[in-house]
Amino acid sequence: MRIVIDLQGAQSESRYRGIGRYSLSLALAMARNSGDHEIWLALNSRMPESITDIITAFSGLIPENRIRIFDVPNDVSPSPWMARASEVVRETFLSTLEPDVVVISSLFEGYWANAVTSVGAIPTKHQTAVILYDLIPFLNKEVYLPTLDLQDYYYRKIDWLKKADTLLAISDSSRQEAVTYLEIDRVKIANISAAIGDQFVRDKLDSSKCLAILDRLEIKNEFILYAPGGFDPRKNFDRLMEAYSTLPASLKDKYQLVIVSKLHPQQRMELLDLAKKYGVKSTELVLTGYVNDCDLISLYSLTKLFVFPSTHEGFGLPLLEAMACGAAVIGSNCSSIPEVIGFADALFDPFSTQSIRAKIVEALEDDVFYAQLIANAAEQLTKFSWDDSAKKAIAALERGARPVPADAPCYSRDKLQQCLVGLSENQPSDNELFEMAKSIAFNFANIDEERQLLLDVSSIVHSDAKSGIQRVVRSLLHEFLSAQPAGLNVRPVYYADGRYYYANSFASRIHAQFPESIDTVIDYAQDDIYLSLDLNMHLASQLYPLHHQMRHMGVQINYIVYDLLLFHRPDWWLSPNAELFNDWLHKISMVASNLICISGAVAGEMEQWLSSNADKCAGNKPAVKSFHLGADINNSLPSLGLPADSQELLSNLSDRPSFLMVSTIEPRKGHAQTLAAFEALWDEGHQINLVIVGKRGWLVDELVARLDAHPAKGHTLFWLEGISDEYLEKIYSAATCLIAASEGEGFGLPLIEAAQHHLPMIVRDLPVFREIAGEHAFYFEGMSGTDLARSIKTWLQLFERGEHPESLTMPWLTWEQSAKQLQAVLI
Amino acid sequence: MSIPYYRAFEDRYRGSRELIHERQQIYVPFLEPIMRLYPECRALDLGCGRGEWLEILLKTGFKPLGVDLDSGMLDACHALGLPVEKGDALEMLKSIPDESLTVVSGFHIAEHIPFEDLKVLVTEALRVLKPAGLLILETPNAENLVVGTQTFYLDPTHEHPIPHLLLSFLTEYSGFFRSKLLRLQESTVLADGGAVDLMSVLHGVSPDYAIIAQKQGSSEQMEKFDAVFSQDYGLSLETLARRYDAQLSHWMEQNEAVTVELREQLNHVQEGQQKLMARLDESLKNEHHMRSQADANKAQIAVDRYDEQFVHWMGQSDAVTVELREQLNHVQGGLQELKARLNESLENEYHWRSQANANEAQIAALVNSASWRITQPLRTSKSLFRWVIGQSKRVFKRVIYSMLSRSIRFVLSRPGLQLRIRNRIKSYPQLFGFLKQFAMRHVDTQGAPLGASEDRVLIASPRVTRIYCELKLAFERKENR
């Protein structure tokens, strides 16, 4: 059986109160005890903070793809058409999940909150079950339904309640109310009871801590406790005060009356007035105001007696909480309270002050009776657990299951449209239609269309600086467009003006068969995959809210991490880059589902960063994965052009062993160390050339000056800036060996380039280079010129004997293979 | 040229006897005055041919004589009993005595003889004519362009065309008093003023002309001929050309008139269209104005409501403050009492003092805690008060902001009109694409929450646009039903 739980009850404002806690706990317990059944969750996208909390709570219990998110238009006071249309859309969405039964955790939500609930707005083939907390407003209209609006709203929901196939009541008394006052068939209602959280256990406090707490809350010593969990008239403060005031003076002296409840000033005034009315002295009454869970548990544990004179409850969670903390509990003899206390002698008539007083006196003075109360608490506790409630709920749902009739209605877009059009006589405004269209687009995208792979190519859409990273982006994009992964629709997107747009015109330019050519704002839906191919550091603060929103709506957010060099060595770059990078790293960790690194080495660094900065991730735990970049076999459009002196230079190179370095002149690339090494080698008389190919970068003015003014320049030292691909090819052919002295890399494409030219190489011993080159390179260690000079000498000796490591058989990936690796990691 | 050839030629091209006869009737008005002048009118026809002119002379009452070299022609004349002689025209003329003839005529001979002979002919004719006598010479009119370039040369014996000015000058130079040009044998249709086409200009001019020269006579004699001499005969080239031009101009004028009319109508229609456009703009502006009015009103109402609520909250907190103040006064009163009692006991001994100290301590504690407890609600209400103001300020700001951005986006908020314009522009894909991009860039949503209700059709994603349009259509269909 597939059970879909509409968990809006745990999302709205209610989630901090009884209903919210109840819904979440019950759903978690049902997931734990599901057996053969599938448990799914349906969440409302308009309450996003709760979504991450709920997903975290259910991780491990339910696969994330069974937590479905639906969207309804955001409107605090919607027009009648909007309200009904939202209900229709929600129910249609639920029916597309093909449940056997839908459990609504809180039917009466929605008047103040963003929640949308309904039963039977459209004909469905699944059963509906509703958790019934209580019918207190129904039975006390004057107090709880003062306005006509509220009444309409509430009675409509009552009608739905009656339409539900199964009701899960939280107590026998609620069940009975439904049978008596709503004339619902008894068979349809099951009592699944309730339970409390694990945190409610007796506090083992030593005396000093006790005193500290009591002092803070200004409680003298011993006390009688009432924690009502609300401030309605049914909580019966009036009679409690009166009863207390009529206690014998000795008892009043010994025991204060402590009322624990969040109180608005007006409410507090009310209570103080009551106290005055009955002559309860200020020394005798303590109003603590709001108290956190921790303190509450302490109070439960310390109190002499817990009194619960409420006249009407759905269940009465505070009773169970107090009992769990070992308190002696007495309470009213009506509604659900007897069920929870389970001890007839502990009950009194809440409508009679005399009765209340008598029972308090009895509890305080009769030790035997008191001991019985304590024992009862321990016993009662065992009868309530979430697992029990969940099992009862599932059993009730199983009982209510019916076979699906063959001609049952199923989802179609036209039917939904017809339904919306025929909802009411009022014509909705264009704005309303538009908002509804947005919700419909999100909710039903998975049915009508393939899920999307959104590739963020913002950096290359408008201008391509052809940096290393941008070449990677272009190559991966090209691969994904040429060989679309099965079941995924590849859509390049870019960011502009606060939104994402499909990069259709760009894509149709670079890939002839691309179907569309005009850019539009993007759609996304749950299950879509977003992949950021580039390092958009400067856009981090603008993109973060967008990505956050997308994650909430169920889009899998992935980033490619090229390296963490800016984090480890900010000195290798100009100033604001390091701060920007750290900010970016921080933000992506807060929002990513996966962080995909371009090598195992970087993945290791990433995991380390995450574990040491776990507090910065706001509870998000991204998975760290890795793949390898590819390399083109041939550059499809090589630049051409040989300068006049090229012949001379090439013959110079072929005369002696020539060592080649190909990269931008940056601090980390190790040119300075290499130059120092070669100077030492030349001094020793070695006949070798050093060829540096690369434009000058940043923070290298000193080195550049050295190169320009070097005595060996033009003889054994050559520096070529901005040469064509054709020239570079020739130099590769003439060179003997490649030197890669970079102190930090994310991947190491230069090594692969060398391997493609079958050039042997001397590389620094870095984990990432080991990963790429394996045994196909000669490694050196050390940061000084002497270290490197030594290694080069060793290599030269090996070279003469022909025993140096060759790069001919070094494995490397084509872009096609690289894209396949990336795909495997994404899906 | 052989004579039989010439006869065959004449038969073909000269025209039938009857036709010639018809044509030569035109000279009769010139002959009749002569008849009245002289009882006996003798005439000589040089190159008389088949004798048609002789017949006319005879009928009119003259005593003619025809002379021709062609015996075949002469035989035909003889057969008709016409007085003819064979001989050379000039020789014959020279042999006639002075002033013995009233009319000398030569039809289509002038173009056959050399100019010198023609001069002699004219001089001799003058000699032999009586006073007021007439010399008639008819010859093809080269003014007719087709005649002058084509038909004249069909007869190989023609020398060259003789312009009428030459002939008339010759007669006057030779001594004739006056001469009259008669253009002859034009089409009656054209002569009557019929339509002139280009061919008519080229070929409709009178194909023949005659010069009738008169010898000087007495004034009474001459008077008799004034009438016929003052008329104009035939169609000149100039006339026809001018008539042709006039026709063209007329047609042009007519066309222009029509064009002018059409242009007027077009202007009229365009004006009408402009007026409609202006009215449309106006009504759009009005609509816009009304809309923004309505929005402003809505905003105002919302603001007013919040104001009301705020005032209400203020009232409530005021009431609370008043109560608290009362209670404070009450407590303060109690405080005073205690102080008095303290002073009393201070007058006593050490243990009263220590007791008083203890009391004082207790009182201090009480005062502190009491006033703290009492001012606590005051403090809470104060922060509540501040929070309330902040909320309403924020709400107010948000309302103004959304109103502003809504009016900016109003242009984009007419999907019906928008859709229609979209369809029209879609046939120019580049323009459409550019407009879309421009609109998306232009709408600024920096910092606005995603999904803000100012989104409009142009900046919606494809799925949403599709679904929205389907829904809108469905609703419109329902409304139409």
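Residue numbers (the working numbering), protein chains in the order written: chain A, 1 to 827; chain B, 1001 to 1481.
Every residue, glycine too, gets a C-beta built ideally from N, C-alpha and C.
The structure displayed is predicted, hence computed values, not measured ones.
*Determine, using beta carbons only, whether B:I1301 comes closer than 7 angstroms to chain E.*
Annotation note: the requested chain E is absent from the structure, which comprises protein chains A and B.
*Inspect the beta-carbon positions of A:R68 and A:A42 and report whether they are closer than 7 angstroms.*
Closer than 7 angstroms, so yes.
*How about A:A328 and A:Y370: do their beta carbons lie closer than 7 angstroms?*
Yes, they are a contact pair.
*asked:* Can you confirm whether B:I1374, when its beta carbon is compared against all beta carbons of chain A, has any partner nearer than 7 angstroms?
replied: With respect to chain A, the C-beta atom of B:I1374 has no partner C-beta closer than 7 angstroms.
*Simplified DSSP state of A:F351, which is helix, strand or coil*: A:F351: coil per DSSP, three-state reduction.
*Residues, ordered as in the chain, of the stretch 1466–1481 of chain B that lie near chain A by beta-carbon distance below 9 angstroms*: Residues of the stretch 1466–1481 of chain B with a C-beta less than 9 angstroms from any C-beta of chain A: R1466, I1467, Y1468, C1469, E1470, L1471, K1472, A1474, F1475, R1477, K1478, E1479, listed in chain order.
*Could you name the residues of the same chain whose beta carbon sits closer than 6 angstroms to that of B:E1261, not counting the 5 residues immediately before and after it, in chain order?*
Taking C-beta separations shorter than 6 angstroms and ignoring five residues to either side along the sequence, B:E1261 has no partners in its chain.
*Thinking just about the alpha-carbon of each residue, which of A:H776, A:L629, A:A755, A:W795 is nearest to the one in A:H686?*
Relative to the Cα of A:H686, the nearest Cα in the group A:H776, A:L629, A:A755, A:W795 belongs to A:W795.
*In chain A, which residues lie less than 8 angstroms from B:S1381 when you measure between Cβ atoms?*
From the beta-carbon of B:S1381, the residues of chain A found nearer than 8 angstroms are P265.
*Quick one: residues in its chain with C-beta nearer than 6 angstroms to the C-beta of B:T1149, no 5 flanking neighbours on either side, listed in chain order?*
So no residue of the chain qualifies.
_Would you say A:L274 lies against chain B (beta-carbon separation less than 7 angstroms)?_
No - not a single Cβ of chain B is within 7 angstroms of the one on A:L274.
*Check distances from the C-beta atoms of the stretch 47–72 of chain A to those of chain B and list, in chain order, the residues that come in under 8 angstroms.*
Residues passing the 8 angstroms Cβ filter: none.
*Alpha carbon to alpha carbon, what distance is there between B:R1398 and B:A1299?*
Between B:A1299 and B:R1398, the C-alpha separation is close to 10 angstroms.
*Would you call B:Q1221 buried or exposed, if buried means 16 or more other Cβ atoms sit within 10 Å of its Cβ?*
By the beta-carbon neighbour count (other beta carbons within 10 angstroms, threshold 16), B:Q1221 is buried.
*Anything in chain A within Cβ reach of B:A1460, meaning under 7 angstroms, just list it in chain order.*
The contacting residues are V521.
*How many Å lie between B:I1096 and B:V1128 at the Cα?*
Within the model, the alpha-carbon separation for B:I1096 versus B:V1128 is close to 7 angstroms.
*From A:V521 to B:D1295, what does the alpha carbon distance come to, in whole angstroms?*
Going from the Cα of A:V521 to the Cα of B:D1295 covers about 28 angstroms.
*State the Cα-Cα distance for the pair B:A1356 and B:G1333, rounded to the nearest angstrom.*
Each residue's alpha carbon lies about 20 angstroms from the other.
_Please give me, in chain order, every unbroken run of the beta strand (DSSP E) with length at least 3 that falls completely inside the stretch 1187–1231 of chain B._
Listed in chain order, the beta strand (DSSP E) elements of length 3 or more contained wholly in the stretch 1187–1231 of chain B are 1208–1214.
*Rounded straight-line distance, which links the Cα of A:L481 to that of A:I170*: Each residue's alpha carbon lies about 55 angstroms from the other.
_Range covered by the beta strand (DSSP E) that runs through A:N191_ = Taken as a continuous stretch (DSSP letters only), the beta strand (DSSP E) holding A:N191 covers 189–191.
*Range of the contiguous alpha helix (DSSP H) that encloses A:K209*: For A:K209, the uninterrupted alpha helix (DSSP H) run begins and ends at 207–217, by DSSP.
*asked:* Counting only C-beta atoms, is A:L433 closer than 7 angstroms to chain B at any point?
replied: Yes, A:L433 lies at the interface with chain B (some Cβ there is under 7 angstroms from its Cβ).
*In chain order, what residues of the same chain lie with their CB nearer than 6 angstroms to the CB of A:S791, ignoring the 5 residues before and after it?*
Around A:S791, the same chain offers F780 as residues with beta carbons nearer than 6 angstroms, after the five sequence neighbours per side are excluded.
*Could you name the residues of the same chain whose beta carbon sits closer than 8 angstroms to that of A:S593, not counting the 5 residues immediately before and after it, in chain order?*
Excluding positions up to five away in sequence, the list reads R551, Q556, I557, N558, P622, A623.
*asked:* Given this structure, state the Cα-to-Cα distance separating A:E270 from A:S310, to the nearest angstrom.
replied: If I take the Cα positions, the gap works out to 17 angstroms.
*Work out the CA separation of A:K695 and A:R656 for me, nearest whole Å.*
Linking A:R656 to A:K695 through their CA atoms gives a straight-line distance of about 24 angstroms.
*asked:* Threshold first: 4 residues or longer. Then list the alpha helix (DSSP H) segments lying entirely within the stretch 599–666 of chain A, N to C.
replied: Counting only runs of at least 4 residues, the stretch 599–666 of chain A fully encloses the following alpha helix (DSSP H) elements, listed from N- to C-terminal order: 600–612, 646–655.
*Could you have a look at A:M761 and say whether DSSP puts it in helix, strand or coil?*
The DSSP-derived three-state label of A:M761 is strand.
_Quick check: is the beta carbon of B:R1463 nearer than 7 angstroms to any beta carbon in chain A?_
Output row for B:R1463: interface = yes.
_For a quick check, are the C-beta atoms of A:W812 and A:A631 less than 7 angstroms apart?_
By the CB criterion at 7 angstroms, A:W812 and A:A631 fall inside the cutoff.
*What's the C-alpha gap between A:P667 and A:V768?*
If I take the Cα positions, the gap works out to 19 angstroms.
*Is the beta carbon of A:E98 sitting closer than 7 angstroms to the one on A:V116?*
For A:E98 and A:V116, no; Cβs fall outside 7 angstroms.
*Paired residues, beta bridge with B:K1180 - DSSP*: According to DSSP, which records beta bridges pairwise, B:K1180 is partnered with B:I1212.
_Cutting at 7 angstroms between CB atoms, please list the residues of its own chain near A:K163, excluding the five before and the five after it._
The beta carbon of A:K163 sits closer than 7 angstroms to those of V119, G120, all from its chain and outside the five residues before and after it, given in chain order.
*Within this structure, are the beta carbons of A:Y495 and A:A503 separated by less than 7 angstroms?*
With contacts defined by Cβ atoms closer than 7 angstroms, A:Y495 and A:A503 do not form a contacting pair.
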